[in-house]
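Engineer:
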Amino acid sequence: MSRAANPKKQGRPNQPPKETPATSTVPVPGSAQAGPVSHAIFRVARLHRMIAGQLLRRVGLHLGQELVMMHLWELGPQRQTDLVRLIDSDAATMTRSIKRLENAGFVRRRPCPDDKRATIIEPTAASQALRREVERIWAELEDASTGDLTLDQVTETLETLRRVETSLARAAAHADGSAAHDDNTTDAVRKRPST
């Protein structure tokens with residue numbers, strides 16, 4: 014097989030081919046060569062967040078607030094704790110986002126009638142104009158992300174990303190389980206009577 018026909022054979026042994034400036038905005042450090050997919054995810058996520066942030070600033074939103082609003086528009090009023098779970102956020106970040114959205118007039122808070130410790134977050138009528146802007150921005154972001162891909166390539170990309178997400182979620186669950194196991198083992202060792 015010729016070198017041109019086998020991309021794994023191109024370049025020096027055990028080194029990925031050099032990327033051109035047109036395909037990467039971040040140089041790949043030598044220590045990241047063992048994880049080319051992980052480095053590619055880092056680069057793509059960085060660019061995606063940057064462009065999304067620029068687009069959302071036009072309508073006065075911070076990155077991530079559009080996801081809060083999307084869930085509220087789709088599902089109606091939600092407990093703040095449910096929004097944390099839906100968006101896979103943390104309580105402190107969600108509290109800041111809700112406060113900013115409330116100050117902008119896009120959401121309002123009210124006590125939960127069933128649970129006095131919980132707060133219900135609901136979209137305001139004023140947020141409906143924002144909804145059209147967010148949908149337009151999301152379409153623009155999608156076009157920026159997939160503009161050069163065919164429909165088949167978009168489908169393949171979605172499937173690949175789904176598999177990567179599943180793999181990472183499994184690794185995260187395993188890491189959480191290992192951490193809990195390590196904590197239990199450490200506690201057991203601490204409680205063991207000395208001899």
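Residue numbering for the sequence shown is 14 to 208, as defined by the numbering used here.
C-beta: ideal position from N, C-alpha, C; glycine also.
Taking just the CA atoms, how far does S44 sit from W86?
Structural biologist: For the purposes of this step, residue 86 is taken as residue 73 along the sequence shown, with counting starting at 1. For the purposes of this step, residue 44 is taken as residue 31 along the sequence shown, with counting starting at 1. Spanning the two alpha carbons is a distance of roughly 44 Å.
Engineer: What residue range does the alpha helix (DSSP H) around M106 cover?
Structural biologist: As a working note, residue 106 is residue 93 in the sequence shown. A small correction: the amino acid at residue 106 is Thr; Met does not occupy that position in the sequence shown. Segment 104-116, the alpha helix (DSSP H) holding T106.
Engineer: Do Q91 and I134 have their CB atoms nearer than 8 Å?
Structural biologist: For the purposes of this step, residue 91 is taken as residue 78 along the sequence shown, with counting starting at 1. For the purposes of this step, residue 134 is taken as residue 121 along the sequence shown, with counting starting at 1. Yes, these two residues count as a Cβ contact at 8 Å.
Engineer: So what does P136 bridge to, in DSSP terms?
Structural biologist: Numbered from 1 along the sequence shown, position 123 holds the residue referred to as residue 136. According to DSSP, P136 bridges with V120.
Engineer: What first and last residue would you give for the alpha helix (DSSP H) that runs through V97?
Structural biologist: Reading the sequence shown from its first residue, position 84 is the one you call residue 97. First-last of the alpha helix (DSSP H) with V97: 93-100.
Engineer: Any idea what DSSP makes of Q46, helix, strand or coil?
Structural biologist: Position 33 of the sequence shown, counted from the first residue, corresponds to residue 46. Correct three-state label for Q46: coil.
Engineer: Check D128 in the structure and name its three-state DSSP category.
Structural biologist: Taking the sequence shown and counting its residues from 1, one reaches residue 128 at position 115. Three-state result, D128: coil.
Engineer: Can you find the residues in the same chain that come closer than 6 Å, C-beta to C-beta, to L181, ignoring five residues on each side of it along the sequence?
Structural biologist: Taking the first residue of the sequence shown as position 1, residue 181 is located at position 168. Excluding residues within five positions, none has a Cβ falling inside 6 Å.
Engineer: Please state if the CB of T132 and the CB of P126 are separated by a distance shorter than 8 Å.
Structural biologist: Translated into positions along the sequence shown, residue 126 becomes position 113. Translated into positions along the sequence shown, residue 132 becomes position 119. Cβ atoms of P126 and T132: not closer than 8 Å.
Engineer: Who are the Cβ neighbours of D161 in its own chain at under 8 Å, not counting the five residues just before and after it?
Structural biologist: Here residue 161 refers to the residue found at position 148 of the sequence shown. Excluding sequence positions up to five before and after D161, its CB lies less than 8 Å from no other CB in the same chain.
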